[in-house]
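Quick note on numbering: the working numbering labels position 127 of the sequence shown as 215, and the sequence is numbered without any gaps.
Notes for the one structure printed next.
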Amino acid sequence: MLFTNATVITMNPTRDIITNGAVAIQGNRIVAVGKADVLQRQYDGDEIVDVQGKLIIPGLIDTHVHLAQALIRGCADDMALIQWLCDRVWVLQGNFTEDDGYVSARLCIAEMLKSGTTTFLESMLAHRYGFNGIAQAVEESGIRACLAGIVMDIGTYATQTNSMHPGMIEDRETSLLGVLDMHSKWEGAAGERIHVWFGPRTPGGVTSELYREMSDLARQRNMGITMHLAEVEADKIYLNERYGLSPVYYAESVGLLGPRTVLVHMVWLNQDDIAKLAGTETHVSHNPSSNSKLASGVCKVPQMLASGVNVALGCDGGPSNNDYDLIREMKLAAIIHKAVTNDPLIVPAETVLEMATINGARALGLEREIGSLEAGKKADLVVLDFERLHTTPSLNPISTLVYAATGGEVDMVVVDGQIVVEQGQLLTMDEEEVMEQARYHAGALYRRAGIEIKPKWPVI
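So, in structure tokens, the structure goes:
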């Protein structure tokens, strides 16, 4: 296939933007990126996909996703984090069935694909969600995924006793050994589109001994680790009082830091923590919408970038964001740090696009395969149509993408050389059926959990 007559944002090492550009694909690989007239002569016999006047970018990479939370979108708006977790999110998730997990995963994946996300990192799949069904949903959809299974052996949240719903509590055998079982079954499945990671709970939910055991296993098997850390100030206080260490230095003490680790949120850090992240090549997933909605604070992204930390981007979940549109997330990531620092030059649009593409690929250990449009890499790309009122005129495509666009401008999505979205429509799932199943399962879930969500204002 030859995608031609577009503006191509390559994200290659020199960050070339090619006007009247083209991308040639053979099988699941990109074989050439360049000027349309040149590639049309070179690949004369290939199927032509004319995307005249549109924009081609690398597939977006979301480094923090909760698949199971799509089904509980909007369940806990305008609530403090502890109440949000203990009274709503964990109660609902503690009543999940494996069918709920499959349905929620399909809903989430459909939304991500339609808004340009081609690869994602799921943060912590509980045993009750049904790992096999969720991996099947990934396989069927055509998306690329790193699926982290939960690891835990403490059923509380830091100092909050009796805080976790019984349905969410797992022990070492169920969680750690369960992840190893799923790794043996699913690692490299679906044509190398599926990878299996460890997703331990935040400190206070895992003993130091289990962290160390898991970290050793991860190194032995070259598995990734992703974990929420320093999301709220209470996390920092807890670790200092319990261990006399900052969040990052505690993570180092139990073997969690390193180039195969993605730490999420990372709001409550000092400069020593940031230097340690850089020195250990540990990656950070920045989730500005979630951190803003839950009033967790603002991650020190400018300081991290200046120190050499690889920072990627994440949407988080249905109750904390409440969408999985990484293009919308890019805008907040670009503007929130300007407001905090009173510096309009900080975290420019180009930097945020790097976070959503090549930095995300690096965080997942896949930078040789995805994250940019270069010959030899996997054919993951997104075509956007800026013929919209709110994206006209488009003088600088990166500015338009980050500051004006949404996932609604996605016209076509290709993953692993396969077109999965065309003219804005999913080809691998029936959208109406996905939504119908989601509504049905959500209704049953809320009834089982005994939770009713309704507007604060009178409904007449």
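The beta-carbon is built from N, C-alpha and C at its ideal position, and this holds for glycine as well.
Model, not experiment: these values are computed from the prediction.
Q: Measure the C-alpha to C-alpha separation of P390 and E510 and round it to an integer number of angstroms.
A: On the sequence shown, residue 390 is found 302 positions in, with the first residue counted as 1. On the sequence shown, residue 510 is found 422 positions in, with the first residue counted as 1. P390 and E510: Cα-Cα distance of roughly 37 Å.
**Q.** Inter-residue spacing [alpha-carbon to alpha-carbon] between M252 and L213
**A.** The count along the sequence shown starts at 1 and reaches residue 252 at position 164. The count along the sequence shown starts at 1 and reaches residue 213 at position 125. Taking the CA atoms as reference points, M252 sits about 16 Å from L213.
(Q) Run through the DSSP bridge pairs and tell me what K466 is partnered with. (A) Stepping through the sequence shown from its first residue, residue 466 is reached at position 378. When DSSP reads this structure, K466 sits in a beta bridge with R117.
(Q) Which of the three DSSP states is assigned to R232 in this structure? (A) Indexing the sequence shown from 1 puts residue 232 at position 144. It is a strand residue.
Q) Does the Cβ-Cβ distance between M200 and T445 come in under 8 Å? A) The residue you call residue 200 lines up with position 112 of the sequence shown. The residue you call residue 445 lines up with position 357 of the sequence shown. Cβ distance not < 8 Å, so M200 and T445 don't count as in contact.
Q: With a 10 Å radius around its C-beta and 16 neighbouring C-beta atoms as the bar for buried, classify K381 as buried or exposed.
A: Position 293 of the sequence shown, counted from the first residue, corresponds to residue 381. With 16 or more other Cβ atoms within 10 Å, it is buried.
Q: Measure the beta-carbon distance from I507 to G147 and round it to whole angstroms, keeping in mind my assumption that it falls under 8 Å.
A: Locating residue 507 in the sequence shown gives position 419, where the first residue counts as 1. Locating residue 147 in the sequence shown gives position 59, where the first residue counts as 1. Wrong, their Cβ atoms sit about 12 Å apart, outside the cutoff.
Q: Could you pull out every residue in the same chain whose Cβ sits closer than 6 Å to the Cβ of G505, ignoring the five residues on either side in sequence?
A: In the sequence shown, the residue the question calls residue 505 occupies position 417. Within the same chain, I113, G115, N116, A467 come within 6 Å of G505 by CB-CB distance, once the 5 residues on both sides are set aside.
Q) Quick one: is E475 buried, meaning 16 or more other Cβ sit within 10 Å of its Cβ, or exposed? A) For this step, residue 475 is matched to residue 387 along the sequence shown. The residue is exposed, with fewer than 16 neighbouring Cβ atoms inside 10 Å.
Q. DSSP on Y245, reduced to helix/strand/coil?
A. On the sequence shown, residue 245 is found 157 positions in, with the first residue counted as 1. Reduced to three states, the DSSP call for Y245 is strand.
Q. Is K419 near Y326, with beta carbons less than 8 Å apart?
A. Within the sequence shown, numbered from 1, the residue matching residue 419 stands at position 331. Within the sequence shown, numbered from 1, the residue matching residue 326 stands at position 238. The Cβ atoms of K419 and Y326 do not sit closer than 8 Å to each other.
**Q.** Rounded straight-line distance, which links the Cα of H215 to that of R176
**A.** Looking up residue 176 in the sequence shown gives position 88. Looking up residue 215 in the sequence shown gives position 127. C-alpha of R176 to C-alpha of H215: approximately 19 Å in a straight line.
Q: Can you tell me the Cβ-Cβ gap for W285 and M311, rounded? I've got them flagged as a contact below 8 Å.
A: Along the sequence shown, read from residue 1 onward, the residue named residue 285 stands at position 197. Along the sequence shown, read from residue 1 onward, the residue named residue 311 stands at position 223. At roughly 6 Å, the Cβ-Cβ gap stays under 8 Å, so W285 and M311 are in contact.
Q: Note down the Cα distance separating I242 from L169, rounded to an integer number of angstroms.
A: In the sequence shown, the residue the question calls residue 242 occupies position 154. In the sequence shown, the residue the question calls residue 169 occupies position 81. Rounded to the nearest angstrom, the two C-alpha atoms are 19 Å apart.
Q.
Quick test of your reading: V352 and G402, contact by CB under 8 Å. State the CB separation rounded to the nearest angstrom.
A. Here residue 352 corresponds to residue number 264 of the sequence shown, with the count starting at 1. Here residue 402 corresponds to residue number 314 of the sequence shown, with the count starting at 1. Between G402 and V352 the Cβ distance is about 7 Å, and since that is below 8 Å, they are a contact.
Q: Give me the Cβ distance between M500 and V547, rounded to the nearest whole Å; I'm assuming they're in contact under 8 Å.
A: Looking up residue 500 in the sequence shown gives position 412. Looking up residue 547 in the sequence shown gives position 459. In this structure, M500 and V547 do not form a Cβ contact; the two beta carbons are roughly 40 Å apart against a cut-off of 8 Å.
Q. Which residues mark the beginning and the end of the beta strand (DSSP E) in which G287 is found?
A. To locate residue 287, count along the sequence shown from 1; it is residue 199. Per DSSP, G287 belongs to the beta strand (DSSP E) from 282-288.
(Q) So, does the region 180-199 touch the region 286-294, judging by three or more C-beta pairs under 8 Å? (A) Look at the beta carbons and you see the region 180-199 not touching the region 286-294: under three pairs across the two are nearer than 8 Å.
**Q.** Given 8 Å, three or more beta-carbon pairs between the region 391-401 and the region 430-448
**A.** Flag = yes, the region 391-401 and the region 430-448 touch.
Q. What did DSSP end up calling M354 once you bin it into helix, strand or coil?
A. Start at 1 with the first residue of the sequence shown, and residue 354 comes out as number 266. In the structure shown, M354 sits in coil (DSSP, three-state: anything other than H, G, I, E or B).
Q) For V153 versus Q525, is the C-beta spacing smaller than 8 Å? A) As a first step, residue 153 is located in the sequence shown; it is residue number 65 there, counting from the start. As a first step, residue 525 is located in the sequence shown; it is residue number 437 there, counting from the start. The criterion of a C-beta distance shorter than 8 Å is not satisfied by V153 and Q525.
Q: Within the same chain, show all residues whose beta-carbon is closer than 7 Å to that of L515, passing over the 5 residues directly before and after it, in chain order.
A: Taking the sequence shown and counting its residues from 1, one reaches residue 515 at position 427. Scanning its chain for C-beta atoms nearer than 7 Å, with the 5 sequence neighbours on each side dropped, one finds around L515 the residues I507, V508, V509, in chain order.
Q: Report the partner residues of P146 according to the DSSP bridge assignment.
A: On the sequence shown, residue 146 is found 58 positions in, with the first residue counted as 1. In the DSSP assignment, P146 is bridged to L469.
Q. Does DSSP put G204 in a helix, a strand or coil?
A. Here residue 204 refers to the residue found at position 116 when the sequence shown is read from its first residue. Secondary structure of G204 (DSSP, three-state): coil.
**Q.** Status (buried if at least 16 other CB within 10 Å, exposed otherwise) for H371
**A.** Your numbering for residue 371 matches position 283 in the sequence shown. Around the C-beta of H371, 16 or more other C-beta atoms lie within 10 Å, and the residue is accordingly described as buried.
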